[in-house]
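A short write-up of the structure that comes next.
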Amino acid sequence: FNPRCGGCDFCFYGYRSKQLENITAEQGFQEIEIETGLKELSCLEEISIVTGRFESEEKVKEHILDVIDQAEKRGFNKRIFYIGSQLVTPNSINEILKKLENNSDRFRYAYTIEKFFERNSIMHGSKGKKIYSEILNDVKTLKNLGINNLEYTYLVGIENLDDFKEGADALV
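Yeah, the sequence shown ends on 192 if you go by the numbering used here, and it's all consecutive.
Next comes the structure, spelled out in structure tokens:
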């Protein structure tokens with residue numbers, strides 16, 4: 021997490037102690053080894069990366085590339101699943117796809133929308149500032165870049181049904 025992230029109102033991080041800190045991919049894989057005993061990860065089909073709000077898209081990209089490097093050192097060569105919304109520019113996406121041998125099937129992306137309208141009412145920092153037309157543009161860009169495994173996350177119940185229908189219809 022970005023140490024300055026205050027956590028969105030609905031996010032578990034927002035309710036936890038602010039003692040959480042960023043860890044490197046290497047530290048994360050060491051934790052996995054400690055908790056599971058797995059040193060070799062070729063048995064996994066997918067590794068998920070849930071980033072929260074990083075300082076910048078560049079930092080998110082660097083983190084994902086580091087996760088890929090560390091995973092490959094441990095025998096993993098399957099799909100990476102990014103859950104977030106900061107990774108949106110062609111340069112960043114293309115660099116990650118290149119690292120994955122330009123195989124878009126090895127990259128799954130769940131774009132975190134959470135709420136279509138009036139996002140700043142419950143989301144903080146850069147997440148709350150992004151307006152719906154920018155989200156639609158991000159999703160269009162991701163599709164045009166060939167992200168075949170593109171999904172989105174949305175929290176049902178924090179917007180009224182009319183807003184949900186309007187937002188969801190525009191995404192399809």
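Cβ atoms here follow ideal geometry from the backbone N, Cα and C, with glycine treated the same way.
With a threshold of 16 other CB atoms inside 10 Å of the CB of residue i, please say whether the residue is buried or exposed.
i, result
"Glu92", "exposed"
"Ala45", "buried"
"Ser37", "Reliability fails at Ser37, whose pLDDT of 48 lies under 50, so the model's placement of it is uncertain and no value is given."
"Ile54", "exposed"
"Glu179", "buried"
"Gln90", "buried"
"Leu61", "buried"
Indicate the three-state DSSP secondary structure (helix, strand or coil) for residue i in the structure shown.
i, result
"Asp182", "helix"
"Val70", "strand"
"Thr109", "coil"
"Phe137", "coil"
"Arg94", "coil"
Quick one: give me the first and last residue of the alpha helix (DSSP H) that residue i is part of.
i, result
"Leu153", "Reading off the sequence shown, one finds Ser at residue 153, where the question assumed Leu. Tyr152 to Asn164 is the extent of the alpha helix (DSSP H) around Ser153."
"Gly48", "Ala45 to Thr56"
By the DSSP assignment, the beta strand (DSSP E) with residue i in it spans what residues?
i, result
"Asn168", "Note, Asn168: premise wrong, no beta strand (DSSP E); not H, not E."
"Gly17", "Lying before the first or after the last residue shown, residue 17 is absent from the chain, which here runs from 21 to 192."
With a cut-off of 8 Å on the beta carbons, I'd call residue i and residue j a contact; round off their distance for me.
i, j, result
"Glu77", "Gln106", "5 Å"
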